[in-house]
Structures are given as C-alpha cells and as structure tokens.
Amino acid sequence: MSRQSPWTADAMPDCSGKTVVVTGANSGLGLEASRAFAGKGAHVVLACRSTDRGEDARREILTEHPDASLEVRELDLADLASVRSFATDFTDDYDELHVLCNNAGVMATPYRTTKDGFELQFGVNHLGHFALTGQLLETLAQTPGETRVVSTSSGAHRMGDIDFEDLQHQHSYSKWGAYGQSKLANLLFAYELDRRLSVADVDVTSVAAHPGYAATNLQLRGPEMEGADVQERLMAVANRVVAQSAAMGALPILYAATAEDVRGGDYIGPGGLGEMRGYPTKVASNDKSYDMQLADDLWDVSEGLTDVHYDFDALAGVGHVVN
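If you're matching positions, the sequence shown starts at 1 in UniProt numbering and goes up one per residue.
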C-alpha cells in the first residue's frame, strides 16, 4: 500500500466563485491563507486593522497571482463598533460568504484593554471574532452550497482556563495565562457553534485549526509592546531556527476551510511531534475544550459582553440552496 502524500495548498479544490473573509490578512498566517485562496480563484476580503498594510498585502499577492480578486476592508477586532461597521458594510455589499477565517490575534501582550474595556487578548482573539461571526452568520447560512467558519486556536489552549470571576484579568494578570484563556475560548466557541448549528439544522460547518509553531510577527508583538529588546531578539532567532514557515503554519487553516473530509467540530493541526510542525491532520484538544457546560456559560457571557445575540431559530428558516 502506498503512503498517502502530505496535504499541501496544491490539494485545495478550485475556489472560483467563492467569497472568503480572512481576518488579520496583512501578515503571517492570514497573508499566506489569503495568498492560497486567491491562487485557487476565490474572491478574498482582506479584513485588516490597518488598511495601508492590507493594501501592501494585496499588492504582494498580486505579484504572484496577477488575476487575483482581492479587496481590503478595515476591521479592528479591538473595537466592537468597527466589527459592527465591517459586518454591516459587508452584508450590504455581498449576498454570499463561503468561508470566514477567524485568524487575527495577539499573543502574550502586556496588560492592555480594547476600546470597549476588555482585556486585549480575550477581547481581540475571542470576543471580536464572536461578534463578527454572529453578524455574518445569516449570510453564511443563506449562501448556496457548503460554508464554513474556521476559528484559529493554539496549542497554548492547554494552559488556559476560563475564570468567570476575573475574565478580564483586572485583579491578576499573566500575559501567557490570558493568552491561554483566549485560545481555549476560541475552541469552546468553535465547538459550541457547531453544536448549536447542528441542533438548529443550519447548514454551516464550524471547525477549528492551529498552526503549531509558525514563524510570524505574532511572537514579536508582545516583547515589542513591552520594550523587551532582548526577548524580542530571542523570539526572532527562535522563529528563524525552530519554527516552521508561515506558509506551513497556514496549511491547517486551509485544510479546515476546504478539505472534503472535514466535519463540524473537527480540530486541524500539524501532524508532527507535539503538533509543533508538519502537514495538517485531525487532532484533539484538551478535555476542558469539550466541556459543554463551560462552553454554554462562555457563550452566554460573550453575548452579554458583545451585545451580539445569535438567533438560530431564524437561521434555521434561511436554509441553503445547493448548486
């Protein structure tokens, strides 16, 4: 029996006629995912906090794929008004959305808050994407054919905990603990969204992915914000010596978004040692991420904090039309 070849972006199906939104598309995993979607014919909306950097990314992709269909739109996940504005403008302009890649994030930053007063990592990595998905879900549900929501988590979810007594870390702050909490929240959200979609018989697939250890600017942002020059240099060296490339790190996201064998509630990560590097495969997260009561409680809190309420009964009436 021949060994199955590793899955790469070349194995992605043709995406012509499909619309994809990628958050944090101007660099790292988001840029590489956007590049791959564009190369397969998708219309890619580069959702970026900085439209200038988004335009730089668009031009970079066009040098490789001159006929790519790309649009840059402003999205600041640290500002719920910006999230609402992006979603409103998008749904005004688009009738279809085939893939939503909730990719943008911050990692191990010094204590900061979002415009709405949330701890930065929890606010950007979880609450911003929770609000965005809720406001785009009707468009996903009414789009002909299969549609997917891909939430990007991390192996760091294993050190996370959801502390409802100090969710915003106002009493005690650990930058890595806060990051772990946000990445655990990403998984709890992805799995709970899939369960609720399934119960309501809404034909949208919710999955999660993680990149392993990929060389991106994510590792450098925290030390940069702290002014920790030595730590920043050490992280840069580790990115060059230890990490896999951003293009490899993006493969689990692309697999989750397009592979035929993906099912709702799947978690895709690198298949190498410790899930740190390698080609994408289905992996398992920790027991806490599958805790349905914890997920339900987090959902209720997230709706209250964002004022975005998911109406699955209404979505069930929308339905898909299969091409």
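For glycine and all other residues, C-beta sits at the position ideal for the given N, C-alpha and C.
All figures in this text were calculated on a predicted structure; none of them were measured in a lab.
Asn-102 is bridged by DSSP to Ser-151. For Leu-70, the uninterrupted beta strand (DSSP E) run begins and ends at 69 to 74, by DSSP. A contact is defined here as three or more CB-CB pairs under 8 Å, and the stretch 69 to 83 fails this definition with respect to the stretch 139 to 158. When C-beta atoms of the stretch 149 to 157 are compared with those of the stretch 176 to 186, three or more pairs fall below 8 Å, so the two segments count as touching.
Separation of the CB atoms of Ala-185 and Tyr-267 is rounded to 14 Å, and the pair is thereby denied contact status at 8 Å. Residue nearest to Thr-258 within the set Pro-280, Glu-60, Ser-245, Thr-51 is Pro-280 (criterion: CA-CA distance). In this structure Val-124 is not in contact with Leu-193, their Cβ atoms being roughly 18 Å apart against a cut-off of 8 Å. In this structure, Thr-306 keeps its C-beta atom at 7 Å or more from the C-beta atom of Leu-132.
Straight-line measurement puts the Cα of Gln-168 at about 33 Å from the Cα of Ala-57. Separation of Val-283 and Ala-214 (C-alpha to C-alpha, rounded to the nearest whole angstrom) is 17 Å. Its Cα nearest to that of Cys-48, the residue Cys-101 stands out among Cys-101, His-309, Arg-196, Asp-116. For Leu-188, the closest C-alpha among the options Trp-176, His-129, Asp-261, Ala-250 is that of His-129. Under the three-state reduction of DSSP, Ala-214 is assigned to strand. 7 Å or more divides the Cβ of Asn-103 from the Cβ of Gly-17. The secondary-structure analysis by DSSP pairs Ala-209 across a beta bridge with Thr-152, Ile-268.
Thr-139 is a Cβ neighbour of Leu-97, given a cutoff of 7 Å. Rounded to the nearest whole angstrom, the C-alpha separation of Asn-26 and Ala-38 is 14 Å. The DSSP-derived three-state label of Val-45 is strand. Taken atom to atom, the span from the alpha-carbon of Gln-121 to that of Thr-113 is near 8 Å. Contact between Leu-315 and Gly-264 is ruled out by a C-beta separation of about 15 Å, above the 8 Å threshold. Across the structure, Met-107 and Leu-273 are spaced so that their CA atoms are roughly 23 Å apart. Straight-line measurement puts the Cα of Gln-135 at about 14 Å from the Cα of Asp-79.
Scanning Gly-269, Tyr-310, Gly-304, Gly-278 for the CA closest to the CA of Asp-116 turns up Gly-304.
Following the DSSP letters along the chain, one finds Thr-88 in no beta strand (DSSP E) but inside the alpha helix (DSSP H) bounded by residues 80 to 93.
CA-to-CA, the gap between Phe-118 and Asp-89 works out to about 24 Å. With a beta-carbon spacing of about 7 Å, Tyr-191 and Tyr-290 fall inside the 8 Å limit used to define contacts. Within the model, the alpha-carbon separation for Asp-14 versus Gly-41 is close to 7 Å.
Counting only the Cα atoms, Val-204 lies some 21 Å from Asp-93. Secondary structure note for Thr-281: its beta strand (DSSP E) is the uninterrupted segment 280 to 282. It is roughly 10 Å from the alpha-carbon of Thr-19 to the alpha-carbon of Ser-69.
Only buried fits Glu-32, as 16 or more other CB atoms lie within 10 angstroms of its CB.
The alpha-carbon of Gln-244 is positioned some 15 Å away from that of Pro-6.
DSSP places Val-301 within a helical segment (H, G or I) once states are collapsed to three.
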